[in-house]
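Please read the structure below before turning to the comments.
2 protein chains.
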Amino acid sequence: MFENKSRTELNEFGEFGLINFISKNIKTYHASTIKGIGDDAAVIDNGDNYILLSTDMLIESVHFDLGYTPLKHLGYKSVITNLSDIAAMNGTPTHIVVSIAMSNRFSIEAIEELYDGMMVACDVYKIDLVGGDTTSNPKGLAISIAVYGTVAKDKITYRNTVKEGDLLVVTGDLGAPYLGLNILEREKRIFIEQPNFQPELEGNDYIIQRQLKPEARLDMIKLLDDLKIVPSAMIDISDGLASDLFQLASASQVGFTVYEDKLPIDPQTYQRAIDLGIDPTIAVLNGGEDYELMFTIPQSDYETLKKEFDFSVIGHAVAKQEGMHLISKSNIKHKIMAQGWENY
Amino acid sequence: MFENKSRTELNEFGEFGLINFISKNIKTYHASTIKGIGDDAAVIDNGDNYILLSTDMLIESVHFDLGYTPLKHLGYKSVITNLSDIAAMNGTPTHIVVSIAMSNRFSIEAIEELYDGMMVACDVYKIDLVGGDTTSNPKGLAISIAVYGTVAKDKITYRNTVKEGDLLVVTGDLGAPYLGLNILEREKRIFIEQPNFQPELEGNDYIIQRQLKPEARLDMIKLLDDLKIVPSAMIDISDGLASDLFQLASASQVGFTVYEDKLPIDPQTYQRAIDLGIDPTIAVLNGGEDYELMFTIPQSDYETLKKEFDFSVIGHAVAKQEGMHLISKSNIKHKIMAQGWENY
Chain A
98 MFENKSRTEL NEFGEFGLIN FISKNIKTYH ASTIKGIGDD AAVIDNGDNY
148 ILLSTDMLIE SVHFDLGYTP LKHLGYKSVI TNLSDIAAMN GTPTHIVVSI
198 AMSNRFSIEA IEELYDGMMV ACDVYKIDLV GGDTTSNPKG LAISIAVYGT
248 VAKDKITYRN TVKEGDLLVV TGDLGAPYLG LNILEREKRI FIEQPNFQPE
298 LEGNDYIIQR QLKPEARLDM IKLLDDLKIV PSAMIDISDG LASDLFQLAS
348 ASQVGFTVYE DKLPIDPQTY QRAIDLGIDP TIAVLNGGED YELMFTIPQS
398 DYETLKKEFD FSVIGHAVAK QEGMHLISKS NIKHKIMAQG WENY
Chain B
98 MFENKSRTEL NEFGEFGLIN FISKNIKTYH ASTIKGIGDD AAVIDNGDNY
148 ILLSTDMLIE SVHFDLGYTP LKHLGYKSVI TNLSDIAAMN GTPTHIVVSI
198 AMSNRFSIEA IEELYDGMMV ACDVYKIDLV GGDTTSNPKG LAISIAVYGT
248 VAKDKITYRN TVKEGDLLVV TGDLGAPYLG LNILEREKRI FIEQPNFQPE
298 LEGNDYIIQR QLKPEARLDM IKLLDDLKIV PSAMIDISDG LASDLFQLAS
348 ASQVGFTVYE DKLPIDPQTY QRAIDLGIDP TIAVLNGGED YELMFTIPQS
398 DYETLKKEFD FSVIGHAVAK QEGMHLISKS NIKHKIMAQG WENY
């Protein structure tokens with residue numbers, strides 16, 4: 098069946114190539130479809146407001162390693178990644194459906210752990226788990242969640258609406274989940290070599306927590322609403338700042354200038370990067386899994402926004418032909434390169 | 098991590114046990130949640146109408162065998178199974194999001210085939226594919242689709258609203274997909290033993306098509322609407338008539354009496370069952386994957402419904418304590434036993 102006359106390997110095509118292929122061939126039949134593939138969530142006109150739909154799939158040994166990921170954390174995180182996609186549209190998630198495929202090596206108690214974690218996330222974020230599918234899977238664990246939310250029509254934020262001169266803002270701090278993963282993987286390697294070894298996670302609690310139990314920044318959506326700021330564009334930082342910045346730039350046909358000294362990095366993240374011989378800026382640009390929000394605002398909103406501790410203005414949008422640059426601490430201009438894979 | 102103090106094996110618990118466990122522990126936070134787990138789709142109050150959400154996951158070697166399932170057919174069928182869940186609520190599906198996890202053994206051309214099949218289904222049923230997720234999967238192919246639809250508030254059909262005395266109706270004919278599968282698996286076994294063997298599928302085109310390319314009975318939803326019939330309850334027959342009948346009975350706290358001579362079986366299905374030494378009635382009761390609709394109506398709707406070729410009245414609802422019975426062609430009363438696994 099797979100012996101097609103011409104065969105293009107999946108990895109030479111890449112995920113973006115595949116997304117382009119799919120997008121190119123898709124027709125829509127409903128006038129209610131405001132936005133299909135190409136943003137953090139699909140947008141459906143619902144009269145008074147917009148409905149948002151998104152989905153994410155997590156595959157064992159691709160997205161998580163059960164060697165160091167407790168199932169309860171995995172359940173929690175699998176919900177969070179979906180909620181973050183709705184947050185990125187400036188929306189409020191309310192309902193999820195969950196599909197799980199798992200092999201018999203999991204006991205009922207293990208599955209209970211996984212669902213417990215999901216239910217904790219549902220409790221924290223007031224999400225109704227309203228359905229799904231469980232099925233056996235001879236080969237590992239797969240979790241697929243679809244999320245439903247809504248947003249007021251005058252508050253929705255897309256990726257393709259950045260304007261030249263807009264300020265670029267990120268929430269929270271970046272790079273910690275990448276370093277948390279780094280530590281967990283190092284401890285796992287040591288454990289495999291010396292099974293009696295006790296993992297040394299002390300002093301790394303913040304960055305490990307950021308990896309294993311991220312949060313969806315719905316508090317930031319509420320804060321923006323309280324401040325009466327509607328970002329000109331928004332995306333979540335799940336693939337690394339650089340990759341997601343390229344998404345914003347490409348969708349909006351602009352460039353960006355980012356200032357290294359403005360990048361928000363927690364001291365523990367910074368120290369850990371130095372200890373491991375990793376450039377902290379690289380961890381921020383290419384790390385991924387931050388689940389923070391990145392958005393743009395007109396300069397006129399700066400006065401309102403600047404008092405808030407959780408927002409960092411890290412740069413601004415420029416003309417497309419100016420490209421993507423990082424101004425280093427020593428004031429040298431570097432080209433930013435995209436990395437990572439992305440959802441469609 | 099899996100060494101819990103007590104360990105219950107997944108297969109001794111069963112899918113229904115797992116669904117009960119999940120349902121028992123779930124809280125809902127939104128007054129808009131009309132129906133969560135426990136029907137073909139979740140129901141969310143949307144003011145003027147209801148929104149329906151459902152999801153299904155298909156796993157290679159559990160739900161499909163690529164040895165005899167063309168990828169285009171698989172793509173088509175994966176959409177259909179979801180649309181059928183919305184049909185079972187008397188609703189109209191309009192949007193889907195699709196997640197696919199696949200290994201590098203698939204070429205781009207193979208993935209194109211899969212999406213082509215999905216897009217054909219989207220074209221036939223006027224569905225907008227508005228998003229999703231593609232990811233690598235070291236171990237086989239997994240497809241997860243979530244579907245969004247709507248239904249008028251006065252037309253929604255649940256599983257738990259059958260009334261004693263209601264007539265039991267099914268659409269189309271039953272059992273063919275099971276026999277189609279039987280033939281495909283037999284041909285595969287022969288092919289493995291004799292690689293030069295050409296599969297002999299002639300004369301079985303109808304039952305093989307029913308297995309590889311089922312349809313969602315949205316035409317029946319339209320017909321019911323045209324006839325101004327709102328079923329008292331409805332479910333889709335995806336797990337076999339017996340299993341789905343038990344779902345209806347258990348949700349509605351009724352029993353059912355079904356008449357063997359009323360079961361709609363296509364002549365090709367019947368003949369093929371006899372040839373293979375399978376009781377055609379067993380193929381209908383336990384086969385599964387029919388994607389037909391089963392519903393109940395008050396007896397007062399019988400005159401309107403009986404003229405329609407696609408509807409078969411196969412029995413009626415009785416008091417719960419009377420139980421579940423099949424009246425055979427020779428007028429002997431048999432207990433019906435549930436079989437199969439079910440979505441939650």
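Each protein sequence line maps, in turn, to chains A and B.
Quick note on the numbering used here: the first sequence kicks off at 98 and runs consecutively.
Quick note on the numbering used here: the second sequence kicks off at 98 and runs consecutively.
A virtual CB, placed ideally from N, CA and C, is assigned to each residue, including glycine.
Beta-carbon neighbours of residue i, restricted to chain C and to distances below 7 Å
i, result
"residue 176(B)", "The chain inventory of the structure shown lacks chain C, comprising the protein chains A and B."
With 16 other Cβ atoms within 10 Å as the buried cut-off, status of residue i
i, result
"residue 428(A)", "exposed"
"residue 399(A)", "exposed"
"residue 186(B)", "buried"
"residue 406(B)", "exposed"
"residue 202(A)", "exposed"
"residue 215(A)", "buried"
"residue 304(B)", "buried"
"residue 132(A)", "buried"
"residue 236(A)", "buried"
"residue 302(A)", "exposed"
"residue 256(B)", "buried"
"residue 431(A)", "exposed"
"residue 372(A)", "exposed"
"residue 286(B)", "exposed"
"residue 291(B)", "exposed"
"residue 225(B)", "buried"
"residue 434(B)", "exposed"
Anticipated Cβ contact below 8 Å, residue i with residue j, distance rounded
i, j, result
"residue 157(B)", "residue 239(B)", "7 Å"
"residue 358(B)", "residue 270(B)", "No, residue 358(B) and residue 270(B) are not in contact; Cβ-Cβ is about 14 Å, not under 8 Å."
"residue 137(A)", "residue 182(A)", "4 Å"
"residue 361(A)", "residue 267(A)", "6 Å"
"residue 260(A)", "residue 350(A)", "The Cβ separation is near 10 Å, so there is no contact."
"residue 213(A)", "residue 172(A)", "6 Å"
"residue 154(A)", "residue 241(A)", "4 Å"
Residue i (DSSP reduced to helix, strand or coil)
i, result
"residue 440(A)", "Confidence at residue 440(A) is low in this model, with a pLDDT of 35, below 50, so its placement is unreliable and the value that follows should be read with caution. Coil."
"residue 186(A)", "coil"
"residue 356(B)", "strand"
"residue 349(B)", "helix"
"residue 391(A)", "strand"
"residue 147(A)", "strand"
"residue 129(B)", "coil"
"residue 72(B)", "Absent from the model: residue 72(B). The displayed extent of chain B is 98 to 441, so no value can be given."
"residue 237(B)", "coil"
"residue 221(B)", "helix"
"residue 426(A)", "coil"
"residue 378(B)", "helix"
"residue 255(B)", "coil"
"residue 101(B)", "Low confidence applies here, because residue 101(B) scores a pLDDT of 37, under 50, leaving its location unreliable and the question unanswered by this model."
"residue 335(A)", "coil"
"residue 434(B)", "coil"
"residue 401(A)", "helix"
"residue 172(A)", "helix"
"residue 158(B)", "coil"
"residue 229(B)", "strand"
"residue 362(A)", "coil"
"residue 138(A)", "coil"
"residue 408(A)", "strand"
Near-chain A residues of the region 225-237 of chain B (beta-carbon distance less than 8 Å), N- to C-terminal order: Against chain A - using a Cβ distance shorter than 8 Å - the residues of the region 225-237 of chain B are 225, 226, 227, 228, 229, 230, 231, 232, 233, 234, 235, 236 and 237.
Stretch pair the region 282-292 of chain A + the region 208-226 of chain A: three plus CB contacts closer than 8 Å: Output reads no: the region 208-226 of chain A does not touch the region 282-292 of chain A.
Contact set between the region 348-370 of chain B and chain A, restricted to residues whose Cβ is under 8 Å from the partner: Of all residues in the region 348-370 of chain B, none is placed with a Cβ closer than 8 Å to any Cβ belonging to chain A.
Cβ contact check for the region 134-148 of chain A and the region 245-258 of chain A: 3 or more pairs under 8 Å: Between the region 134-148 of chain A and the region 245-258 of chain A, the count of C-beta pairs closer than 8 Å reaches three or more; the two stretches touch.
Where the region 150-162 of chain B meets chain A: residues whose CB sits under 9 Å from a CB there: Those residues of the region 150-162 of chain B placed with their C-beta closer than 9 Å to a C-beta in chain A are 150, 151, 152, 153, 154, 155, 156, 157, 158, 159 and 160, ordered along the chain.
Interfacial residues, the region 330-343 of chain A to chain B, with Cβ spacing under 8 Å: So the list is empty, because no residue satisfies the distance condition.
Residues of the region 172-199 of chain B whose Cβ lies closer than 7 Å to any Cβ of chain A, in chain order: From the region 172-199 of chain B, only 191, 192, 194, 196 and 198 have a Cβ closer than 7 Å to chain A.
Short-range partners of chain B found in the region 236-253 of chain A, where Cβ spacing is below 7 Å: Residues 236, 237, 239, 241, 243 and 245.
Contact set between the region 138-149 of chain A and chain B, restricted to residues whose Cβ is under 9 Å from the partner: From the region 138-149 of chain A, only 138, 139, 140, 141, 143, 144, 145 and 148 have a Cβ closer than 9 Å to chain B.
Contact between the region 332-350 of chain B and the region 384-396 of chain B (3+ Cβ pairs under 8 Å): Judged by Cβ distances under 8 Å, the region 332-350 of chain B makes contact with the region 384-396 of chain B, as three or more pairs qualify.
Meets three-Cβ-pair contact criterion under 8 Å: the region 170-181 of chain A and the region 310-321 of chain A: Yes, the region 170-181 of chain A is in contact with the region 310-321 of chain A.
Positions along the region 117-129 of chain A whose CB lies within less than 9 Å of some CB in chain B: Of all residues in the region 117-129 of chain A, those with a C-beta nearer than 9 Å to a C-beta of chain B are 118, 119, 122, 123, 124, 125, 126, 127 and 129, reading in chain order.
Within 8 Å of chain B by C-beta, residues of the region 391-423 of chain A in sequence order: Of all residues in the region 391-423 of chain A, none has a Cβ within less than 8 Å of some Cβ in chain B.
Interface positions of the region 285-316 of chain A facing chain B (Cβ-Cβ less than 9 Å), listed along the chain: Of all residues in the region 285-316 of chain A, none has a Cβ within less than 9 Å of some Cβ in chain B.
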